[in-house]
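Chemist: Take a look at the following structure, please.
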Amino acid sequence: MKQKPVLLVTGAPSRPGRRVVELPLERKTTMQNILLIESSPRGAQAYSHQAALSVVNELQARLPGAKVVVRDLGENPPPHVGPAFVSALQAQPEALEPEQVKALAYSDALINEVLEADVVVLAVPVHNFTIPSTLKAWIDHVVRAGRTISYTSNGPKGLVTGKRAVLALASGGVFSNGPAKPFDFHEPYLRAILGFIGITDVDVVRVEGMAMSGIGPEKALALATTQSKQIAAHLA
Ligand SMILES: Cc1cc2nc3c(=O)[nH]c(=O)nc-3n(C[C@H](O)[C@H](O)[C@H](O)COP(=O)(O)O)c2cc1C
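Structural data, given as structure tokens:
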């Protein structure tokens, strides 16, 4: 599989799946950190990746000092949450077993990337009417009481506030309108779960109809590029 062309890459070997792209700080802005979550297994060829990259590139053109962290779930899938993680959530910190400490540390690393970001760009292919299981596993590690959500007497309260998100959604069919719209579970779900942790300012780029005659990659990507420019202008 071809490597994704994401600018300069410096490694953080202890955190597989994470790439950090540092660019010189030429202009001070309030938005300095972009987190790009990739979830297609198709690498650089993925349409969700291409649409998301176009948003990131547009943002970087407006924010030359921005830092981009890439978390590639397609290349390095997160584990499903297992017994160590779930039991650790209930345990006292001083009583944690090494496996539980490890499970929480992985979750903490993913959460910290989100908390450090000003904007989270999610590149998402539609798989069987919903998000890839790798992205669902990421969500299961990130939506965590006490870290990204708080259960108060008034109900749940998202702790990840003051951030924006962009969804780059790629699909073989068309879900934004027409007969398949009732089967658009991915966008409402992502909006719901991001809103649950406090991210309510969400824009969407669609690369849809990739498998449909009359649309296809060329038209859909051209439309996505136009949408990316509009979104970047709205964000920065
Ligand atoms: C396992 C799998 C399931 C898919 N399920 C759907 C689906 O339910 N609806 C759809 O429109 N396209 C579906 N597709 C097609 C992809 O959404 C489409 O190829 C899209 O471009 C993938 O995004 P990517 O290029 O970013 O990987 C599926 C593809 C795969 C590999």
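When you number the sequence shown by the numbering used here, it's gap-free, plus one each residue, and the end is 265.
A virtual CB, placed ideally from N, CA and C, is assigned to each residue, including glycine.
Per DSSP, N62 is paired with what?
Modeler: The partner list for N62 (beta bridge, DSSP) reads K96.
Chemist: Are S205 and R235 touching if we call contact CB-CB under 8 Å?
Modeler: A contact, by the Cβ cut-off of 8 Å.
Chemist: Quick check on T254: does DSSP put it in helix, strand or coil?
Modeler: If DSSP states are grouped into helix, strand and coil, T254 belongs with the helices.
Chemist: Looking at the secondary structure, which residues open and close the alpha helix (DSSP H) in which L118 lies?
Modeler: Where L118 is concerned, the enclosing alpha helix (DSSP H) stretches over P112 to Q119.
Chemist: From the DSSP secondary-structure annotation, give me the bridge partner or partners of V149.
Modeler: V149 is bridged to L64 and A194.
Chemist: Just checking R235 against ligand 1 - is the residue's beta carbon closer than 7 Å to any of the ligand's heavy atoms?
Modeler: Every heavy atom of ligand 1 is 7 Å or more from the Cβ of R235, so no.
Chemist: My assumption, with CB atoms under 8 Å, is that A152 sits in contact with H215. Please give the rounded CB distance.
Modeler: Not quite, the Cβ-Cβ distance comes to about 12 Å (not below 8 Å), so this is no contact.
Chemist: Please confirm whether L219 and L252 have their CB atoms less than 8 Å apart.
Modeler: Result no, Cβ atoms of L219 and L252 do not sit closer than 8 Å.
Chemist: By Cβ distance below 8 Å, which residues in the same chain neighbour V171 in space, the five residues on each side in sequence not counted?
Modeler: Cβ within range, chain order: S136, L139, I140, V143, T177 and I226.
Chemist: Taking Cβ positions, are R100 and I63 nearer each other than 8 Å?
Modeler: Not closer than 8 Å, so no.
Chemist: Would a C-beta distance cut-off of 8 Å place A69 and S257 closer than the cut-off?
Modeler: The amino acid at residue 69 is misidentified as Ala; the sequence shows Ser. No.
Chemist: So, are the CB atoms of A117 and A132 less than 8 Å apart?
Modeler: For A117 and A132, yes; Cβs fall inside 8 Å.
Chemist: Would you kindly report the start and end of the unbroken alpha helix (DSSP H) that includes T229?
Modeler: Run containing T229: none; DSSP gives neither H nor E here.
Chemist: So what's G245 in DSSP terms, helix, strand or just coil?
Modeler: Three-state result, G245: helix.
Chemist: Taking a cut-off of 5 Å, which residues have a beta-carbon closer than that to any heavy atom of ligand 1, in chain order?
Modeler: Those residues are S69, R71, A75, Y76, S77, P154, V155, H156, N157, F158, A199, S200, G201, G202 and M239, given in chain order.
Chemist: Does DSSP classify S205 as helix, strand or coil?
Modeler: It is coil, neither helix nor strand.
Chemist: Are the beta-carbon atoms of G224 and G187 separated by less than 8 Å?
Modeler: In contact: G224 and G187 (Cβ atoms closer than 8 Å).
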